[in-house]
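Note sheet for the following structure.
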Amino acid sequence: MTVDWRSIRADLVSKRFAFLGKYPPCPWYSQLDDDFVQLMNVTPEEQEHFMNDEVRMFLAGYETENIRFTYGSDTDAPVGIKVNPSLDPFMRSAVERFKKIFIDIWCVRVYGYALKHDYSFSLTTRAVAEEIMKRLNKLVSPIIEAEAYDLADFGLNTLSRSVATVQSSIKVYANVVAALKKDCLIGGQVLTLLYNMRMRAVVEKEIQDLQEIFEVAWKMFAKRVGAWVEQGWLHDSELEFIIWPTSSLSASITRKILTDATVKLDSSDYVLIQDLCPAFLLDLLPSIAKCGDYNNMMDKAHMSEGKMSTDWSKLDVTGLQRKVQELEREKSSVVLKQLCASISFDESIRDTMALLLEGVDIDILSMTSKKESILNRPMEEVSKQQLRRVSESFTKGLARKFPFVTNFKLCSSDKCVFEDLRNSGLVNDAPAEPLEQETETLFVDLLSLTYNPPSKIEKLIPIHVVKMYTLVFRVALLLNTAIIYLSEAIFEVGLLRNPDNIGRAYILSALYRNVIDLTVSLTNAVARAVTNFTSEMSKAESIDCALKLQKEVVFQIFADSGLNKWRKVSYLKRLMDLVIRLGVTGLLKSETLAGDYYIILEAVESMQLVE
């Protein structure tokens with residue numbers, strides 16, 4: 004459902020301005036209620052003279068004694084004309100040829116007057132309406148005021164030919180004004196209408212007319228874009244720009260806008276209204292929003308931008324797009340340097356990667372959880388107090404060396420890591436259907452991390468990037484847990500020195516080697532990706548570049564480790580399910596261990612994951 008922003012705007016503006024009330028009635032085409040006068044003893048030549056004048060009067064905006072509009076029941080616009088039936092039939096036919104141009108002029112004059120004087124419509128709409136009315140007068144005034152006409156060539160024919168030369172332009176004007184009035188368009192919606200009409204036009208004159216009208220609205224919009232992206236200023240008392248101050252809006256309207264928004268501003272002082280952005284600039288909307296965010300950050304850091312560097316009203320659409328993107332890069336570079344200096348970005352991202360990618364002290368986490376007897380326990384049996392104790396023990400210990408880790412704490416995820424990987428977009432050929440759920444989910448299956456950074460840091464190390472890193476952490480945790488279980492099981496088998504366990508020892512050793520191979524592959528991939536990130540980050544010149552590099556780290560890790568292929572992820576899942584669900588006791592006592600392992604090997608060979 005389309006939102007009527009004109010009504011919302013009118014309600015808000017009416018509280019700020021006194022002139023948003025009734026306006027004088029339209030002076031054009033006032034309806035004459037008197038019946039037609041029966042013409043008697045009037046020669047065709049005499050009819051020719053006064054009907055020529057009456058047609059000119061009608062073009063000027065007035066109903067006459069012998070020409071009136073007819074109206075339908077479902078619209079306020081005229082649907083036709085009626086001519087005095089006592090006129091000569093030939094004369095009536097000549098006048099009726101003007102019907103379409105009369106109706107188009109009515110639309111321009113009457114709707115244009117309403118748009119120009121109704122302040123519930125925004126400044127852009129009113130300016131376009133006024134421009135169209137001026138252009139109409141410029142076209143029809145010479146025709147109306149012409150004194151000479153050739154009676155020998157029948158005057159109305161001469162007048163008809165004159166009108167035909169401007170009819171296409173007037174039709175364009177009428178279509179624009181009628182659409183503005185009917186659809187209640189304001190701000191960028193007006194530009195969208197004009198742009199679309201211009202793109203559909205095929206006649207060169209119509210294209211030119213629409214382009215010239217478009218430029219009237221475009222200059223106003225471009226100036227506002229310039230003030231916002233260069234200075235962070237909102238020159239819009241009219242409330243028609245894509246940015247509205249929240250101080251002008253009720254809490255309910257603000258919530259509605261934010262709920263529907265796909266692009267949002269960081270500042271709570273403003274909201275971005277996507278519907279008021281010209282459709283042909285929607286791709287530029289994120290850049291406009293970011294420039295506003297950067298200006299806000301620079302203002303808080305007392306970094307002045309000085310005067311406007313460009314006359315934005317002189318830029319065309321392509322020029323404006325390039326200028327906004329240029330400013331976005333420049334401001335992003337300035338803000339990146341300022342943020343990196345103020346929040347110790349290098350140390351923060353180092354700590355984040357150490358925790359989530361490199362898995363520093365992840366063995367301590369596994370052992371602490373094992374000590375709490377929760378590592379292999381169903382998640383629903385783990386209390387919040389136990390989870391909090393493990394979290395505090397792990398993060399506080401790690402924070403001595405990596406202070407930024409204090410922004411993380413352990414939590415329970417809703418899904419196992421393999422289900423999250425299936426939906427992550429990091430793994431090729433992942434199945435479309437959800438994975439088959441285990442009968443019970445263990446603590447280690449769902450253990451994850453939450454991230455609650457200060458707002459400044461979130462700009463450079465955002466939550467969505469950390470969520471991607473958390474997937475690596477969870478995979479590493481499973482591998483580490485499997486290594487612990489297998490190590491203990493192999494140790495126990497060695498202590499027994501029972502020849503009957505030689506087969507089990509071979510299976511455990513083979514499993515251990517498989518898990519170690521996966522762990523080494525992941526660890527090496529992480530090391531390469533982190534090293535590459537450090538090198539590339541030193542060259543980053545914008546916030547977007549920094550964020551892109553952070554995301555590329557995860558994609559590189561999965562590609563280098565082979566975990567970007569679902570068949571290898573499936574292999575990893577099978578190994579983890581076998582080892583972790585059995586635990587140390589199960590690995591020592593399971594009667595089906597060898598069979599389960601050989602099933603995995605057969606699957607591995609069929610998928611050609613190993614030689």
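In the numbering used here, the protein residues as written are 4 to 614. From the three backbone atoms N, C-alpha and C, an ideal C-beta is built for every residue, glycine too.
Extent of the continuous alpha helix (DSSP H) run through residue i
| i | result |
| --- | --- |
| Thr73 | Thr73 -> not in any alpha helix (DSSP H); beta strand (DSSP E) instead, spanning Ile70 to Tyr74. |
| Phe561 | Ile546 to Ser564 |
| Tyr176 | Gln170 to Asp186 |
| Gly83 | Run containing Gly83: none in the alpha helix (DSSP H); it sits in the beta strand (DSSP E), Pro81 to Val86. |
| Leu196 | Gly191 to Arg203 |
| Gln211 | Glu207 to Gln234 |
| Arg500 | Arg500 -> no alpha helix (DSSP H), and no H or E assigned at all. |
| Arg112 | It is not in any alpha helix (DSSP H) - Arg112 carries neither H nor E in the DSSP assignment. |
| Thr257 | Ala254 to Asp263 |
| Gly295 | Leu288 to Lys303 |
| Phe61 | Pro47 to Ala63 |
| Phe421 | Val420 to Ser427 |
| Phe122 | Note that residue 122 is Tyr in the sequence shown, not Phe. Neither: Tyr122 is in no alpha helix (DSSP H) and is coded neither H nor E. |
| Ile464 | Premise fails: Ile464 is in no alpha helix (DSSP H) and is neither H nor E. |
| Ser386 | From DSSP, Ser386 is part of no alpha helix (DSSP H); its letter is neither H nor E. |
| Thr78 | Thr78 -> no alpha helix (DSSP H), and no H or E assigned at all. |
| Pro92 | Pro92 to Glu99 |
| Cys343 | Val320 to Ile346 |
| Leu159 | Gly158 to Ala167 |
Buried/exposed call for residue i, threshold 16 Cβ in 10 Å
| i | result |
| --- | --- |
| Phe124 | buried |
| Thr262 | exposed |
| Leu481 | buried |
| Leu498 | exposed |
| Ser33 | exposed |
| Val613 | Because the pLDDT at Val613 is just 44, under 50, the model does not fix this residue reliably, and the point stays unresolved. |
| Met43 | exposed |
| Ala155 | Residue placement at Ala155 cannot be trusted, given a pLDDT of 48 that sits under 50; what the coordinates show is reported in the next sentence. So Ala155 counts as exposed. |
| Phe93 | exposed |
| Ile216 | buried |
| Tyr509 | exposed |
| Tyr472 | buried |
| Ala292 | buried |
| Arg500 | exposed |
| Glu687 | Nothing in the structure corresponds to residue 687, since the chain is present only between 4 and 614. |
| Gly428 | exposed |
| Gly506 | exposed |
| Thr195 | buried |
| Glu57 | buried |
| Lys119 | buried |
| Thr522 | buried |
| Thr355 | buried |
| Asn426 | exposed |
| Gly75 | exposed |
| Thr484 | buried |
8 Å Cβ cutoff, residue i in contact with chain C
| i | result |
| --- | --- |
| Arg258 | Any reference to chain C falls outside this structure, which holds one protein chain only. |
Range of the contiguous beta strand (DSSP E) that encloses residue i
| i | result |
| --- | --- |
| Thr442 | No beta strand (DSSP E) contains Thr442, which DSSP labels as neither H nor E. |
| Phe411 | Phe411 to Ser415 |
| Thr453 | Leu450 to Tyr454 |
Whole-Å CB distance - residue i paired with residue j, under 8 Å assumed
| i | j | result |
| --- | --- | --- |
| Val327 | Val232 | 5 Å |
| Leu159 | Ala97 | 4 Å |
| Thr257 | Leu183 | Rounded, the Cβ-Cβ distance is 27 Å, inconsistent with contact. |
| Lys576 | Asp432 | Rounded, the Cβ-Cβ distance is 14 Å, inconsistent with contact. |
| Asn87 | Leu162 | With a Cβ gap of about 18 Å, Asn87 and Leu162 do not count as contacting. |
| Asn379 | Leu445 | 6 Å |
| Ala528 | Ile560 | 5 Å |
| Lys323 | Ala230 | Contrary to the premise, residue 323 reads as Leu rather than Lys in this sequence. With a Cβ gap of about 13 Å, Leu323 and Ala230 do not count as contacting. |
| Ile70 | Ile84 | 6 Å |
| Val219 | Val131 | 6 Å |
| Asp77 | Pro47 | Their Cβ separation, rounded to whole angstroms, is 38 Å, which puts Asp77 and Pro47 out of contact at 8 Å. |
In DSSP terms, what residue i is bridged to
| i | result |
| --- | --- |
| Tyr273 | Pro248 |
| Thr371 | Answer by DSSP bridge pairing: none, since Thr371 is not bridged. |
| Asn517 | None, per the DSSP bridge assignment. |
| Pro381 | Leu445 |
| Asn431 | Lys568 |
Heavy atom of the ligand MN within 7 Å of residue i beta-carbon
| i | result |
| --- | --- |
| Gly158 | Among the ligands in the structure shown, none appear at all, so the ligand MN cannot be discussed. |
Do the stretch 193-207 and the stretch 105-116 make contact, defined as three or more Cβ pairs closer than 8 Å? Contact between the stretch 193-207 and the stretch 105-116 is absent, because fewer than three Cβ pairs lie under 8 Å.
Please confirm if the stretch 226-245 is in contact with the stretch 178-197, defined as three or more CB-CB distances below 8 Å between the two stretches. With a cut-off of 8 Å, the stretch 178-197 and the stretch 226-245 count as touching, because enough Cβ pairs lie within range.
Is it true that the stretch 325-341 meets the stretch 366-386, where meeting means three or more beta-carbon pairs spaced less than 8 Å apart? With contact defined as three or more Cβ pairs closer than 8 Å, the stretch 325-341 and the stretch 366-386 are not in contact.
Is the stretch 438-458 in contact with the stretch 415-423, if contact means three or more CB pairs nearer than 8 Å? Touching, per the Cβ criterion.
Between the stretch 534-552 and the stretch 336-346, do at least 3 Cβ pairs fall closer than 8 Å? By the Cβ rule, the stretch 534-552 counts as touching the stretch 336-346, because three or more pairs are nearer than 8 Å.
Specify whether the stretch 379-389 and the stretch 404-411 touch according to this definition: at least 3 beta carbon pairs, one from each stretch, less than 8 Å apart. Result no; under three Cβ-Cβ pairs closer than 8 Å.
Quick test of the definition: if touching needs 3 or more C-beta pairs under 8 Å, does the stretch 293-302 touch the stretch 268-275? Taking one beta carbon from each stretch, the stretch 293-302 and the stretch 268-275 have 3 or more pairs nearer than 8 Å; the two touch.
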